[in-house]
Amino acid sequence: MFKSSSKATEPSQNWEERVANNESAIESPSDASEALSRENAEYLMIRHGTLDLDPLPGPDDMDPYNWPNWKKIVNLMLVVVHACMATFIAAAIIPAFPELAEDLGVSLQQVSYLTTLQIAFLAVAPAIHRPFANTFGRRPMFLVSLLVSMLGNIGCAKSTSYAVMAACRAILAFFISPAAALGSGVVTETFLKKHRARCLGIWTLMSILGVPLAPLIMGFISAAGGYQWIYWTLAIINGLQLVAYFFLGPETLYVRGANEPKGSSFKRQYLNFRRIHPRPLSLNDFIHPFGLWCRIGVVLPTVAHAMVFLFCNTLIAVEIPNLFGEKFGFNSQQLGLQFIGMIVGHALGEPISGTLSDYWMNRRLRKTGCKARPEFRLWFSYLGFMLAIAGVVVFLVQIQLAPQGHWNITPVIGIALAGAGNQIATTVLITYAVDRHSQEAASIGVFVTFVRQVWAFIGPFWFPPMFTSVGLTASSGIATGLIIAASVIPTILIHWSSRSRQAEEKGSGVSRRENLEQESVHSGQIPQLARTSDVRGPPRSSQSFHTQDERMYLVDLYFRFIHDSPHSLFHEPTFKASVADGSVSKPVLLAMLGLSARFATESDIVARGPMYRAQATAALKEDLEHICIENIQACILVGNNFFGEGDADAESLYFGLASRMTQILKLGEIDENDDGVMREVKRRIFWTCFIIDTWASGGSNLSPQFRWRTKQPRGPLDEYMFYNMRSGDGDVADLEWKPGLWAHMVRLVGLYAEIQNLQQELANGVEWNESSIDESVQRLEAELRAFEEGLGPGLMFSRENLVPFVRRGLGRVFIAFHLGYHHYYTLLFYQYLDHRRPPTRNGRKYASSCKAHAAIVCDVLRASREVPGAEALYNIVGHVTIVSSSVLLHTYLFGESHELEESRDRLSSNLESLVQLRNYWPSVEMMIKRLVVFQKNCIQSMNAESYRFDRWMVKFLIAHALALEDKVDDSWSAASVDATNGDAHLERGRITQAMIMDIQNYDTET
6 MFKSSSKATE PSQNWEERVA NNESAIESPS DASEALSREN AEYLMIRHGT
56 LDLDPLPGPD DMDPYNWPNW KKIVNLMLVV VHACMATFIA AAIIPAFPEL
106 AEDLGVSLQQ VSYLTTLQIA FLAVAPAIHR PFANTFGRRP MFLVSLLVSM
156 LGNIGCAKST SYAVMAACRA ILAFFISPAA ALGSGVVTET FLKKHRARCL
206 GIWTLMSILG VPLAPLIMGF ISAAGGYQWI YWTLAIINGL QLVAYFFLGP
256 ETLYVRGANE PKGSSFKRQY LNFRRIHPRP LSLNDFIHPF GLWCRIGVVL
306 PTVAHAMVFL FCNTLIAVEI PNLFGEKFGF NSQQLGLQFI GMIVGHALGE
356 PISGTLSDYW MNRRLRKTGC KARPEFRLWF SYLGFMLAIA GVVVFLVQIQ
406 LAPQGHWNIT PVIGIALAGA GNQIATTVLI TYAVDRHSQE AASIGVFVTF
456 VRQVWAFIGP FWFPPMFTSV GLTASSGIAT GLIIAASVIP TILIHWSSRS
506 RQAEEKGSGV SRRENLEQES VHSGQIPQLA RTSDVRGPPR SSQSFHTQDE
556 RMYLVDLYFR FIHDSPHSLF HEPTFKASVA DGSVSKPVLL AMLGLSARFA
606 TESDIVARGP MYRAQATAAL KEDLEHICIE NIQACILVGN NFFGEGDADA
656 ESLYFGLASR MTQILKLGEI DENDDGVMRE VKRRIFWTCF IIDTWASGGS
706 NLSPQFRWRT KQPRGPLDEY MFYNMRSGDG DVADLEWKPG LWAHMVRLVG
756 LYAEIQNLQQ ELANGVEWNE SSIDESVQRL EAELRAFEEG LGPGLMFSRE
806 NLVPFVRRGL GRVFIAFHLG YHHYYTLLFY QYLDHRRPPT RNGRKYASSC
856 KAHAAIVCDV LRASREVPGA EALYNIVGHV TIVSSSVLLH TYLFGESHEL
906 EESRDRLSSN LESLVQLRNY WPSVEMMIKR LVVFQKNCIQ SMNAESYRFD
956 RWMVKFLIAH ALALEDKVDD SWSAASVDAT NGDAHLERGR ITQAMIMDIQ
1006 NYDTET
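So the number in the working numbering is just where the residue sits in the sequence shown, counting from 1, plus 5.
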């Protein structure tokens, strides 16, 4: 690539700003490290000792993934202690209920509302805290939480009436809750995936342990100094937390790339209380977590967790004072001791739920070489369910069977079993939900807390009537039935649906993209010549369209040679599954088969291509009034079929229909009912229409029609991240969004539209203002340079950079991106090939740049022919090749003698690409004829005036779908002809004419 000292300008589109903000962290498997820049790789090797990291951090000390372990652990301890205090404070006054009732002059039932009130606030408050924490950071929220909580406890200690204490408890409950809900987000932001379950287990353990620890400890404090000292002790603890967090708790919210150095790292992590995320707060931020009701991967584990928590935590904690007090006559200290069983159970359950489940997942990765699906972790949840059921049954039945006034340890053993089961189920289920939707980690914490706390708030109101009506033994049966119905069966359904998805994907031929390409690059060497037959073999029996083998074979060819190059319309795994189960749209499938049949290795399948294309057009016409996503996709595919056959009018018609449908359906706006896959598909269709409209309108010399009145969507997601999404997954949050190559292509096409407009203005102008032209070219060059500088060295074109993209199945997208990028540069500077133009300050430099970028186009094309997995066989490549070849012609015809051999070699290489493309696309024959006309006019003019920038030249450069007539050049006088160029020019012209006219004899196999 070309270096420039020009300063990067600020992008104009909102989503473009996020390109720089999110590029440094790649949420994908470790092979993404292959695409790292050398500086990034060196940084990660020094910091972590490996590149096998998931997620892949950026080269920034501020990134929490790069923090030293001691710093992560200290921060985790602060957060989990904070989470523990949220439930600890709620349960702390349980042993002092009788004393509170007597002192405040209310009933024991009314005193219990001081605890249930806090449970209710713990359900709702996190939804309010979360948006502020996502905007201003976790640290300010935690500090405010601890400060107000300390004041709230002081207020409770000084309260002399029930109403005042209830008000203080409400304020306290509201502000103590952030860590109880945001802890999952903090863990996700700080720890790599291989450690998340263990850390989430510690967080859930401490959140749960607050309930049994509080009565155990505060029972002794209440007995020694009165209930007021419960509140004073809590206030002291909050004060110590506040001091510790202020000095030891750094900010974990990190916006990728946006945290530009402004002062020392210490100041940014500990003393910055300004807005971190630039996105303004909106109502959706507050209600977004409740939208997770639509996510099966969140709802089912949440409901399962809530039911287990209700019986293993809430029922035991709330009913111990009543059941043990009534049965055995225990005082507050004796009641508190019963909670030891719950503490022991949860402590024993944590290593199983966290450490062992992480080992279980990592062992699967080492054994198979593939990342285990999140559902694989759920096998541990069944152990949790069994222990939970056993514990609740033992607890209730043994209390029922115990003689009045004669305590034995068996109910406490039941408490311990229930605690272990609760801990295992909770950690596994929450970790599963976070793994399925890691971009929603903070929202999941809010949602889980809300559901759990609401259910826990309701439970104490129906426990006593149940015990009275049916007894403790029968109540254990009810609890068992509810756990099986709400926890065990939904988890089985999750496993069943996961297996069904795997079976569908396997049956549809879906496999990881690496499977097609990795064999050729594992050695680390650049692969040699690629052939169409490298794709999966044709079906053995392919007599008709209805054979499943032929369908899947041709769909595979489409995704190998077309998908993500001229357009991006589908989520590959989801689409292949729909083909396998027969739910795919008929016009879409037929049009896709019509496109890809040309790449088949069996002649009879190739011969059926026209039939597929005709059937696709007929099927689309029958359903054309139905405005839907599938018909937009079909219109684009049918339009590409007509483009490939050289029918520019029909091409423009169907592309226009796709653009209109896209605007009618408002695909640029988010539909809350869509899952993450559908939202991304809609974004890609939207930007595909924008790209097609820009290219096709110029190609057919028509006015662009794709305009959007509302705000455009963000750019397309990283291709590898999108491919690895599954149906039902949530949308990738802005903080986690990473632009892909298609997002970069969208930005480039926006610049291409401006280059087209500039060239049209020049062609239509009577008299040129050279200073104004230079100013426009300089502005566009600066934007291209800024774009280039934002890419990073890993995205520059080279054979070395191409290999990791091939390994991830993105080699063709990488090639398509660079063909477009260098083509646009070539067009911007093309006018400076006209030697007869008045000299300008930058004219010579721009002419050299035009030649250099045209040469790079040739290099990219050569790589596409020689590297398996990097083929560029879509038809618009023909036009890009023609424009590059015209510049090479200029160099060969009018260049210096030392340039001749290289330019001739590159021209020959380009002609080889044209022959290859012509084998698949009839429209390329017309493009070749355009080059023949162009070359003939070069020879006839006998000087460089054939490169004069006029309407004929603009038609050649942009209107690729139209035939090119001979140039009528009578505006230049005979005196302007360069006589010294004559003989050499004619001799070189005859050579290039022979090369182009003899193009029929070129064979890509040689």
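From the three backbone atoms N, C-alpha and C, an ideal C-beta is built for every residue, glycine too.
Just so it is clear, the structure is predicted and the values come from calculations on it, not from any experiment.
Any idea which residues DSSP pairs residue i with across the strands?
{"i": "Pro744", "result": "Leu722"}
{"i": "His568", "result": "His572"}
Which stretch, first to last residue, makes up the alpha helix (DSSP H) that contains residue i?
{"i": "Ile357", "result": "No alpha helix (DSSP H) holds Ile357; DSSP gives it neither H nor E."}
{"i": "Gly673", "result": "Gly673 -> no alpha helix (DSSP H), and no H or E assigned at all."}
{"i": "Ser781", "result": "775–796"}
{"i": "Asn646", "result": "634–650"}
{"i": "Tyr617", "result": "614–627"}
{"i": "Arg870", "result": "848–871"}
{"i": "Pro103", "result": "102–109"}
{"i": "Gly825", "result": "816–834"}
{"i": "Val84", "result": "74–96"}
Go ahead and label residue i buried or exposed: buried means 16 or more other beta carbons lie within 10 angstroms of its beta carbon, across all protein chains shown.
{"i": "His631", "result": "exposed"}
{"i": "Ala619", "result": "exposed"}
{"i": "Lys581", "result": "buried"}
{"i": "Met50", "result": "exposed"}
{"i": "Trp957", "result": "buried"}
{"i": "Ser803", "result": "exposed"}
{"i": "Cys640", "result": "buried"}
{"i": "Ala101", "result": "buried"}
{"i": "Thr473", "result": "exposed"}
{"i": "His903", "result": "exposed"}
{"i": "Glu685", "result": "buried"}
{"i": "Thr55", "result": "exposed"}
{"i": "Arg689", "result": "buried"}
{"i": "Glu741", "result": "buried"}
{"i": "Val584", "result": "buried"}
{"i": "Ala95", "result": "buried"}
{"i": "Pro465", "result": "buried"}
{"i": "His1013", "result": "The requested residue 1013 is not part of the displayed model; the chain covers only 6 to 1011."}
{"i": "His895", "result": "buried"}
{"i": "His411", "result": "exposed"}
Do you know whose CA, among the options, lies nearest residue i's CA?
{"i": "Glu759", "options": "Ala582, Glu788, Asn774", "result": "Glu788"}
{"i": "Tyr881", "options": "Leu388, Met931, Ala857, Asn427", "result": "Here residue 881 turns out to be Ile, not Tyr, going by the sequence shown. Taking only the C-alpha atoms, the option nearest Ile881 is Met931."}
{"i": "Ser708", "options": "Gln765, Pro495, Glu724, Met750", "result": "Gln765"}
{"i": "Ile348", "options": "Ile435, Asp723, Phe93", "result": "Phe93"}
{"i": "Phe647", "options": "Gly681, Ala701, Ile494", "result": "Ala701"}
{"i": "Trp365", "options": "Phe126, Pro615, Ser386", "result": "Ser386"}
{"i": "Ile499", "options": "Gly160, Gln409, Leu672, Ala309", "result": "Ala309"}
{"i": "Ser914", "options": "Ser890, Ser287, Val84, Phe314", "result": "Ser890"}
{"i": "Arg593", "options": "Leu629, Val611, Ala860, Ile610", "result": "The amino acid at residue 593 is misidentified as Arg; the sequence shows Val. Among Leu629, Val611, Ala860, Ile610, the Cα nearest to that of Val593 is on Leu629."}
{"i": "Val402", "options": "Phe390, Gly410, Gly389, Val417", "result": "Val417"}
{"i": "Asn924", "options": "His411, Ser608, Thr193, Gly157", "result": "Ser608"}
{"i": "Gln428", "options": "Leu353, Leu598, Ile634", "result": "Leu353"}
{"i": "Ile696", "options": "Phe660, Thr831, Asn729", "result": "Phe660"}
{"i": "Leu824", "options": "Gly848, Tyr757, Ser781", "result": "Tyr757"}
{"i": "Ala421", "options": "Leu912, Arg143, Asn318, Gly330", "result": "Asn318"}
{"i": "Arg174", "options": "Glu555, Thr120, Gly482, Leu328", "result": "Thr120"}
Report whether the distance from the Cβ of residue i to the nearest heavy atom of the ligand PLP is below 7 Å.
{"i": "Ile181", "result": "For the ligand PLP, the structure offers nothing, since it holds no ligand at all."}
Let me know the alpha helix (DSSP H) ranges lying completely inside the segment 274–337, each 4 residues or longer, listed in chain order.
288–292, 301–314, 320–333
In the segment 157–236, which residue ranges form an unbroken alpha helix (DSSP H) of at least 4 residues, counting only runs that do not cross its ends?
167–181, 183–195, 198–230
At which residue ranges does the segment 582–615 contain complete alpha helix (DSSP H) runs of 4 or more residues, listed in the order of the chain?
591–601, 608–612
Ranges of the beta strand (DSSP E) found wholly within the segment 679–710, counting only runs of at least 3:
none
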